[in-house]
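According to our numbering, the sequence shown is numbered sequentially starting from 1. The beta carbon of each residue, even a glycine, is placed where N, CA and C say it ideally should be. The structure appears right after this line, and notes come after that.
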Amino acid sequence: MDDSPNNIRLLGNILTHDHQVLFATHGKEAMEIAVEKQPDLILLDVMMPQIDGLTVCAWLKEHERTRHIPVIIVTAMNDPEAETRGFAAGAMDFLTKPVNPPAVRARVGVHLALKQQRDALEQANQALTEEIRERRHLEELLREQAEFDALTGLPNRKLFHDRLEQAILMGVRNHRVFALLFVDLDRFKWVNDTLGHDAGDALLIEMSRRLKSVVRKSDTVARLGGDEFTVILVDILHESMAELVARKILEQLVQPVTLKGQEVAISGSVGIAIYPVDGDSAVHLVKHADVAMYQAKESGRNAYRFFSSALNEQLVQRMTMEGEMRQACLRDEFYLDYQPKFKITTGRMTGMEALVRWDHPDKGILFPQHFIHLAEGNGLIVQIGAWVLRTACRDAARWAEEGFKDLKLAVNLSALQFKDGEKLLDLVEESLRETGLPARNLELEITETMMMNNIEQVTATLHKLRALGVSITMDDFGTGYSSLGVLKKLPVEGIKVDRSFVNDLTEDSPDTAFVAAILSMARELGVHVVVEGVETAEQLRILVNQGGEDVQGYFFSPPLGREAFSAMLKGGIEVGGGLMISAA
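The following block contains the structure:
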């Protein structure tokens, strides 16, 4: 910028050979060009009309778009005051008039090179800053992946253990009490198997949201994996606070959720351990909360339980028993007893029920009520049930060969065996084919609860079993949810009245009226009825008066081992009053 045409022409001649040069003859024009064109270097004459060069320099250094552009002041010789003011305004260098062309070219070249270096350094700094930002973002993503569950966004197992250790340290330092809740979703596997894994994922996301909604921001909700969650409740004043949260959790979990257009209701089981009374280490607290959760699940689900030493002892006993049960399957420690069924009107034996026993090496003979629930829980019931069916069919086939061709063998089925209906069908077909037992001689007993858990799937499998020629009986009738109206829609040929209705059977008892109603309605529907648990002559007399036909119980015979049952078949048995009953 210079107001002298001669100076402009001179500088132009010096610089235009190597550079593109823009000219301004007054301060305002120089400002506008600098802002718009963003030159690499600006030369300003100090002495200018209206706005002098030093004022323009100061303005350029304050403006955001031009503050980075180097400025060289052109001034008259012997003007030290102008130089001082120029440096104060932000100038980088000075040229004196009259200008020396080589000096101008040298000064301009140096400052342009310096600017290029500054620009390159700034670009490098920007690139470094961006790289640092991206690296930090990547580190944050990696940290989230390492510490947070990808599906629900909750802290994962690693971060949960870190938070738990922190809670323990705070507890030690400040003598604080906190609670650890172990939460497990009931029927989650059913959702996955029935509606698919995407529905299961949606359910987990919704349940995670509900869990977070019932705790404070200072608390931690974590997902350990699958359908297992934990909650750390810090700074609780009393264990009742943990109990209140557990109740709220159960209330939230049981609310229906819509998955794939279908309303699904699940529940939860919650175990609670309190620091420090239930453990002063992460390992013990997690273990004890887990023990309490399993106790809640075994109590009927949709429940919570606090840890206690008694619970721990029960867990140890259960784990020991489960291990022994697995060994029992390998060592052939199971065997069968058979309890006969009789027709009252003819005195003839109509069949027998196969009942599994465990010849435990230390505890002696164990009956089903002592181990079947464990087998149901660990899945061994499928293996045990298959062994029972094959063994019972083999024994019944041998008795049929000995002449007892009309006896019907009753075998109990487990709900777990219906999880894979095709596998159950194959098992029944193979057992009949391998032993030679006619299908008409096999009766499969199911429970009411089994029917109600998944009635569509179970019903479909029952129809296929009926197509094989076997008969189906509903066991423990009256203790569950079904009705005779439901039975009419199912491929069930018979029912067994539960022994609980026979124990107090007298002429005037409500149980007598109940049994009479069942017998009457069953006759109308054409459903066969067996009354089990008959132990006295009085009970038998009442059943005869009510029109009962088939009975089973200790009044006639206890369950017998295979050899004893064979002997009874051939020799008959004597029941109360000297009545002889036989299978022939």
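Tell whether a beta-carbon distance below 8 Å holds between residue i and residue j.
i    : j    : result
G271 : A289 : yes
M352 : A282 : no
T435 : R466 : no
F514 : K496 : no
E429 : L468 : yes
M92  : V56  : no
I472 : I455 : no
R107 : L121 : no
V531 : E493 : no
T230 : L181 : yes
H63  : V35  : yes
V534 : L525 : no
A82  : V46  : yes
W399 : S566 : yes
V177 : I274 : yes
G257 : E206 : At residue 257 the sequence reads Val, which differs from the Gly that was named. Going by C-beta atoms, V257 is nearer than 8 Å to E206.
Return the Cβ separation of residue i and residue j in integer angstroms, given the expectation that the two are a contact with Cβ distance under 8 Å.
i    : j    : result
N312 : V291 : 6 Å
L444 : L413 : 5 Å
L233 : L185 : Not quite, the Cβ-Cβ distance comes to about 19 Å (not below 8 Å), so this is no contact.
V74  : G90  : Rounded, the Cβ-Cβ distance is 15 Å, inconsistent with contact.
Q50  : H26  : 6 Å
G571 : D337 : Contact flag wrong, Cβ pair sits at about 18 Å.
L54  : G12  : The Cβ separation is near 23 Å, so there is no contact.
T551 : F342 : One point to set straight first is that residue 551 is Val, not Thr, in the sequence displayed. The Cβ separation is near 6 Å, so the contact holds.
I69  : P39  : 6 Å
Where residue i and residue j are concerned, what is the direct C-alpha to C-alpha distance, given to the nearest angstrom?
i    : j    : result
K297 : A303 : 7 Å
M580 : F556 : With a pLDDT of 47 at M580, under the threshold of 50, the modelled position of this residue cannot be trusted; read the value that follows with caution. Rounded to whole angstroms, M580 to F556 spans 10 Å at the Cα level.
A179 : L374 : 29 Å
G239 : R305 : For the record, residue 239 in the displayed sequence is Glu; it is not Gly. Each residue's Cα considered, the two are about 12 Å apart.
A596 : F23  : In the structure as shown, the chain begins at 1 and stops at 584. Residue 596 is therefore absent and cannot be evaluated.
G577 : A537 : Low confidence applies to G577: its pLDDT is 44, below 50, so where it sits in the model is not reliable, and the reading given next is rough at best. Each residue's alpha carbon lies about 8 Å from the other.
I381 : L416 : 7 Å
V183 : E228 : 6 Å
D149 : A222 : 8 Å
V110 : H137 : 40 Å
K212 : R301 : 21 Å
T391 : L543 : 33 Å
L224 : A146 : 13 Å
Q457 : P340 : 31 Å
T345 : R523 : 16 Å
R209 : H161 : 21 Å
V21  : E29  : 15 Å
D406 : G347 : 14 Å
D332 : P559 : 20 Å
A202 : L259 : 7 Å
Q327 : T152 : 40 Å
M170 : P276 : 12 Å
A584 : M321 : Any answer about A584 is weak, because its pLDDT of 45 lies below 50 and its placement is not dependable; what the coordinates show is given next. Whole-angstrom Cα-Cα distance: 42 Å.
G226 : R118 : 56 Å
L432 : P438 : 7 Å
R133 : Q123 : 15 Å
N6   : A127 : 45 Å
S520 : G553 : 22 Å
Contained beta strand (DSSP E) runs [length at least 3] in the stretch 53–84, N- to C-terminal order: 71–76
Minimum length 4: unbroken alpha helix (DSSP H) runs contained in the stretch 220–308: 239–253, 282–298
Residue ranges of each alpha helix (DSSP H) within the stretch 137–188, 4 or longer: 157–174
The stretch 539–558 / the stretch 382–393 touching (three or more Cβ pairs under 8 Å): Verdict: no, contact absent.
Cβ contact check for the stretch 184–204 and the stretch 257–268: 3 or more pairs under 8 Å: yes
Residue ranges of each beta strand (DSSP E) within the stretch 379–454, 3 or longer: 408–412, 442–447
Sequence ranges, beta strand (DSSP E) only - wholly within the stretch 313–379, length at least 3: Inside the stretch 313–379, DSSP marks whole beta strand (DSSP E) runs of 3 or more residues at positions 334–343, 349–360, 364–366, from first to last along the chain.
Segments of 3+ residues assigned as beta strand (DSSP E) that fall wholly inside the stretch 15–46: 42–45
Contained alpha helix (DSSP H) runs [length at least 4] in the stretch 454–539, N- to C-terminal order: 455–468, 484–487, 510–525
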